[in-house]
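Asker: Chains as they are written, first to last, in the working numbering: chain D, 717 to 1112; chain C, 152 to 435; chain Y, -11 to 321.
Where a beta carbon is used, it is the ideal one built from N, C-alpha and C, also for glycine.
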Amino acid sequence: MKMLSTYRKEMKIAMRGFYFYIEIFIAVVMLLILLVAIKENPDSKQREYVFYDARPEVVELLFAKYIDEGKIVPAADTEIVMKPASFAVKNRDTGSTVSYSFDSAKTIMARTMREIDVDDGRIKKTIFLLDTEEDVLRLSHSSGQVGAIVSLGDRGTFSYRYILQGYETERLTNLLYVYNARSVDVLEQEMDRQAVRELGSTERLNARESAVPALITFAGSLMGFFIVMSYLFLDKDQGVIRALAVTPATVWMYLLSKTMVIMTTVLISSSIVVIPVMGLKPNYLLFYPFLLATTFAFAAIGLLVASFFDSMSKSFGVLYLLMIAFMLPGFSYFIGSFDPVWLRFFPTYPILYVFKMIMLGKPDVPYVLTASAGFLVGGLAVLAIANEKFKKTLTV
Amino acid sequence: MITVRNLSHSYSKDGKMAVNDISFEIERGETFGFLGPSGAGKSTTQGVLTGLLKLQKGEVTVAGYDLNKVRNERFNKIGVSFEQSNVYSKLTALENLKYFADLFDVPTRDPHELLALVGLEGREKDRAGSFSKGMKHRLTFARSMINRPELWFLDEPTTGLDPAIAATIKDIIKEEKAKGTTTFLTTHNMYIADELCDRVAFIIDGEIRLIDTPRNLKQRFGQKLIEVEYIADSRPVKETLKTIDDGDRRKLAGIVTSYDIVTMHSKEATLEEIFIQVTGRGLL
Amino acid sequence: MIAKILRIFRRDALVATRDSMLILIIAMPIALAVGILLFAPGITDSSVRIGLLKDDGAEHIAFMENYAQVELFGSVQELERRVNKRDEIAGMVFMDPGYEIIVQGDEDPGLLNYAKFLNSLFTLGITREDATAQMLSFEKTVPPLKTKLVNMLILMMIMLAGMIISLGIVEEKADNTINAINVTPVSQNGFIVGKSLLGVVSTLGSIVVSLLILGYRDIDWLMILLVGLTSMMLTFIVGFLQGLGSDDVIAAAAGVKMTMLPIAGSIAGYELLAERWQWTMYWSPFYWAYKANDLILSKRADWPTVLVCVGLVLGISMLIFIMAMPKIRKGLS
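1) Comparing C-alpha positions only, which one of C:Q428, C:A317, C:Q370 sits nearest to G355 (chain C)?
2) Contact criterion: CB-CB distance below 8 Å. Does I(-4) (chain Y) meet it with respect to chain D?
3) Would the segment 1088 to 1108 of chain D count as touching the segment 95 to 108 of chain Y if we require 3 or more Cβ pairs under 8 Å?
4) By how many angstroms is the C-alpha of L347 (chain C) removed from the C-alpha of D411 (chain C)?
5) Excluding the 5 residues flanking E378 (chain C) on each side, which residues of the same chain have their C-beta closer than 6 Å to its C-beta?
6) Starting from the Cα of R920 (chain D), find the closest Cα among D:L751, D:Y895, D:M1073, D:F1091 and give me that residue.
7) Between D759 (chain D) and A923 (chain D), what straight-line distance do the alpha-carbon atoms span, to the nearest angstrom?
8) Among D:N999, D:F1047, D:I1040, D:F1042, which residue has its Cα nearest to the Cα of V1084 (chain D)?
9) How long is the line joining the alpha carbons of V22 (chain Y) and V1034 (chain D), rounded to whole angstroms?
10) Short of 8 Å in beta carbon distance, which residues of its chain neighbour M168 (chain C), apart from the five on each side in sequence? Order them along the chain.
11) Going along chain D, which residues have a C-beta under 9 Å from G324 (chain Y)?
12) Within the same chain, show all residues whose beta-carbon is closer than 8 Å to that of G270 (chain C), passing over the 5 residues directly before and after it, in chain order.
13) Determine the closest residue to S190 (chain Y) out of Y:D208, Y:W276, Y:I38, Y:A4, with distance taken between C-alpha atoms.
14) Please tell me whether V118 (chain C) and F175 (chain C) are closer than 8 Å, where the distance is taken between their beta carbons.
15) If you measure from the beta carbon of Q436 (chain C) to each beta carbon in chain Y, is any gap under 8 Å?
16) Does the segment 909 to 917 of chain D come within contact of the segment 883 to 891 of chain D, defined as at least 3 CB pairs closer than 8 Å?
17) Taking contact to mean 3 or more Cβ pairs, one atom from each stretch, closer than 8 Å, check whether the segment 236 to 255 of chain C and the segment 152 to 170 of chain Y are in contact.
18) Which residue wins for smallest C-alpha separation from N167 (chain Y), given the options C:S189, C:E234, C:G180?
19) Within the same chain, show all residues whose beta-carbon is closer than 6 Å to that of V1112 (chain D), passing over the 5 residues directly before and after it, in chain order.
20) Counting only beta-carbon separations shorter than 8 Å, does Q881 (chain D) have a partner in chain Y?
21) Buried or exposed for V902 (chain D), going by 16 or more other Cβ atoms inside 10 Å?
22) Could you name the residues of chain D that K131 (chain Y) contacts, counting a contact when the two beta carbons are closer than 7 Å?
23) What is the rounded straight-line gap between the Cα of I114 (chain Y) and the Cα of F51 (chain Y)?
24) Under the criterion of a Cβ to heavy atom distance below 7 Å, does Q370 (chain C) qualify as lining the ligand FAD?
25) Counting only Cβ-Cβ distances shorter than 8 Å, please list the residues of the segment 238 to 250 of chain C near chain Y, keeping chain order.
26) Can you say whether W271 (chain Y) is buried or exposed, counting buried as having 16 or more other CB atoms within 10 angstroms of its CB?
27) Would you tell me roughly how many angstroms separate the C-alpha atoms of M140 (chain Y) and D43 (chain Y), rounded to the nearest one?
28) Express the C-alpha separation of L972 (chain D) and M719 (chain D) in angstroms, rounding to a whole number.
29) Any beta carbon from chain Y within less than 8 Å of V1112 (chain D)'s own beta carbon?
30) Which residues in chain Y sit within 7 Å of D759 (chain D), going by Cβ to Cβ distance?
31) Please list, in chain order, all residues of the same chain as P250 (chain Y) whose beta carbon is under 6 Å from its beta carbon, the five residues on each side excluded.
32) Does chain D have any CB closer than 8 Å to the CB of F228 (chain Y)?
33) Between F224 (chain Y) and chain D, is there a C-beta pair that is closer than 8 Å?
34) Can a CB atom of chain C be found closer than 8 Å to the CB of D163 (chain Y)?
35) As a quick exercise: from Y:N54, Y:D118, Y:G39, Y:M80, pick the residue whose alpha carbon is nearest that of L60 (chain Y).
What follows is the structure, encoded as structure tokens:
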């Protein structure tokens, strides 16, 4: 009962401060960005500069087929400005190096094609058909994008010269070598024949949805970590804690009520983002317990860190550094091929993946429940340590 | 050295004045005591004179500089010792003084000598953070002399110090006075003011009630008193009698002839008593 | 005046050597630079991963190793367990007459396509000897993802510069020394510049050291330092406000969030937003700083572009500076 009234009082105080509304405001801004600026299937920004060393009819013929199939859509010509540049190009197969130097800027209108993903209609890449080899080299050099010079050989076959930046892996280079060794039709036929077995669900999050787990983890769960510190130091500065120390309420109850305020705030701000973006897809019965458990755990960590300092400003350094450390698993989340073992020891690593699982709508229920319980128990343990430390220092 | 004409200062916009239309002048070489209880306007006046508070209304010149025109170079001639000590706790005593010495454009005093003067010799290499309150205060006091100020602002220079150190500080102030330094001393300790000041001003509720030398004040307001303790009916009795009051004089004569005198002192009125008499209020 | 500013800087530098927090903040970016150096190959190698069985044909394994990172497993169960893990890997198991590709199902479609493509090449017996292509190369050495990481590191250092200042102000406030400075001939502007100097010097120093550690030796140093210096302006303002206003803890906390968000948002905006939405980030000086750094680090920058970015950073910061200056001045007196 005392707990409830302490919580109600804390909540009232939070609602009167402006920080609570900043949280809500930021959540609304994030929601707007997600809904307005991020497409569900965003177009790729990848560009490709190509020069066909062949008669125009041949090139037309080549593209006509893809355009018919809907794989390529012609677009309006693009104006491209090339800046003066000088660079050297090495032919890795002959070993010869040619130096280029362009002293003046050059503006061209380039024929533009878009390669479309036939499944979801997004642009996979934009192809610019250029008039000279030099233009391909210049643009590939300045943009860091792929370039190719295609020439029609004697027996009606194309030969390819790819333009590499130089940092591509050997594996990618190997692939480019054999990429056009057979005609596309032969390869596609063979690819369609491949047997594929899927072990689990083929459900995937689109670009907009896959931002949600990261947002909830870093702007939700993790935020409790530092807000709780500021609430605590505020009370300390105002001497409220000393006043509390001479009432029957315990430090434990005080800390708990602080974390509950944070949990309420995060609950509201996360819901603002999750519900409109995800709709009914996630399992909310698992989402909320996990969100609250992780927020609680981070708030407890925040209190533990706070117990080492006597003012907010002194704790800033550690605060920033820990925040940055906790955000590192985000790299692994967004870069699928980067998943080093050491990252898995950061608490935010499993949180990201559990949220993703929940968002997909088909979570491993026992796993999520175990994880929630784990964060709850871990949070309680950390809070207990913080409580012991605070008992000695909070009122000094 | 200081001329103040119609100085007013307010911290709020509701017209409530912390200092209200005060005027006074301080001569070169003078030690001027600014006395009053907390909240009377002492700190505000000193704040304006030292430039920590912006001059809002009035004409003020300090060390030859008109305060309506902000010139940081005037601080080369001014030293300020704050009531609340303020030194870098992460620097040693010596580093503190050397740092501030470098911020002035005029020849400065030897930090070692200053530290010895305030009794901090041997602690030069210790961080100020490890100092006691009194030591920090002495360091703050020493720092105020680093630029050989012509005009020296002292805010409660002996408050909270143990008597021996307070005596040292008083001696230093007297020495500086002998060298011709002008001192503006803010305090609510009337004994200090009495001992050190050429003239004192009483300030209360933002207004100066009177300015005079301690001696004149005592002559004007003070009466000679006789404090007598005697035995009457085998019980000790203590009485203070005014020498200018005829009744008291007769009473005193009666006591001396009829009773057994234990002690008898003549007593001058203190500045504090005069302050109470003038303002109707105590100093704390 | 210069001498006094330098004196304030020297004092701050001396205190920095005595404050473990400042040492930590200054050393942290260098440690992270070493971290990037160690982990960059892992992050930037986007090669597809293929899981095979140990007793798969040597020819098939050797073939796949040309085009993908190959992991070998003792049994099909082991392979499936691996495929079920969170990161992306495709398994291949020989099931007469051909190979079966095993995926989890929620991977990027590109992974499955790549696996199918490689297997098709193998089935069709296509090898390097069949290649008709040639490779022309600019022989650049720094992959773009590394550049992005380094750029993020630079922005982080710039954020920390504000914190160094804030800690310096907090020290002055705790020791109550701002008043003492106010009664010396040092002007308020001189004091502000002097107090900023440690942040400037240590941050520019960390930027240079980090870039050298990471192998960016032949970039345009003048450009990178200019961008660093100008983009620090804003964090300085925040640093001063935070340091001076640190009595108001909640405001300070909001300040933390309000600085981290634009920085993270600017990076995300630059990298993720479509071309026609990029304008939504134009308000952020960090966006322009990130853009300028991106061009400089990848050696695609020219002075006009960099100067436009720097000008925008300065302009936006100035605007905020003008708004914040009365508050800073008030806090310092």
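Answerer: In short, the structure shows the following:
1) Before going on, a small fix: residue 355 (chain C) reads as Ile here, not Gly. Residue C:Q428 is the option with its Cα nearest to I355 (chain C).
2) Put simply, the CB of I(-4) (chain Y) is far from chain D, with every gap to its CB atoms at 8 Å or more.
3) Short answer: they don't touch.
4) CA-to-CA, the gap between D411 (chain C) and L347 (chain C) works out to about 39 Å.
5) Closer than 6 Å at the Cβ level, and outside the excluded window around E378 (chain C), lie T391, H416, K418.
6) Nearest in C-alpha terms to R920 (chain D), of all of D:L751, D:Y895, D:M1073, D:F1091, is D:M1073.
7) C-alpha separation (whole angstroms): 10 Å.
8) Taking V1084 (chain D) as reference, the option from D:N999, D:F1047, D:I1040, D:F1042 with the minimal CA-CA separation is D:N999.
9) If I take the Cα positions, the gap works out to 20 Å.
10) Answer for M168 (chain C): S159, H160, S161, G357, listed in chain order.
11) This structure does not reach residue 324 (chain Y), given that chain Y is present from -11 up to 321, and the question cannot be answered.
12) R289, I316, T319.
13) Taking S190 (chain Y) as reference, the option from Y:D208, Y:W276, Y:I38, Y:A4 with the minimal CA-CA separation is Y:A4.
14) The question about residue 118 (chain C) has no answer here: the residues shown for chain C are numbered 152 through 435.
15) It is not possible to answer for residue 436 (chain C), since the shown part of chain C is limited to 152 through 435.
16) Contact fails between the segment 909 to 917 of chain D and the segment 883 to 891 of chain D, because fewer than three Cβ pairs, one in each stretch, are under 8 Å apart.
17) Contact between the segment 236 to 255 of chain C and the segment 152 to 170 of chain Y is present: three or more C-beta pairs spanning the two stretches fall below 8 Å.
18) For the residues C:S189, C:E234, C:G180, the minimum Cα distance to N167 (chain Y) belongs to C:E234.
19) Confidence in V1112 (chain D) is poor, its pLDDT being 49 and thus under 50, which makes the residue's placement unreliable; the coordinate value appears in the next sentence. Around V1112 (chain D): no qualifying Cβ.
20) True, the Cβ-Cβ gap to chain Y drops below 8 Å.
21) Looking at its Cβ environment, which holds fewer than 16 other Cβ atoms inside 10 Å, V902 (chain D) is exposed.
22) A quick correction: the sequence has Pro, not Lys, at residue 131 (chain Y). Under the 7 Å cutoff, chain D gives Y883.
23) Whole-angstrom Cα-Cα distance: 10 Å.
24) No copy of the ligand FAD occurs in the structure displayed, which carries no ligand at all.
25) Listed by position, the residues of the segment 238 to 250 of chain C near chain Y (Cβ gap below 8 Å) are V238, Y239, S240, K241, L242, E246, Y250.
26) W271 (chain Y) comes out exposed.
27) Each residue's alpha carbon lies about 44 Å from the other.
28) Each residue's Cα considered, the two are about 8 Å apart.
29) Any answer about V1112 (chain D) is weak, because its pLDDT of 49 lies below 50 and its placement is not dependable; what the coordinates show is given next. When Cβ-Cβ separations below 8 Å define contact, V1112 (chain D) makes no contact with chain Y.
30) Near D759 (chain D) (Cβ distances below 7 Å), the residues of chain Y are A262.
31) These residues qualify, in order along the chain: S272, F274.
32) Interface residue (Cβ-Cβ distance to chain D less than 8 Å): F228 (chain Y) is not classified as such.
33) Cβ-Cβ to chain D under 8 Å: no for F224 (chain Y).
34) D163 (chain Y) counts as touching chain C.
35) Among Y:N54, Y:D118, Y:G39, Y:M80, the Cα nearest to that of L60 (chain Y) is on Y:G39.
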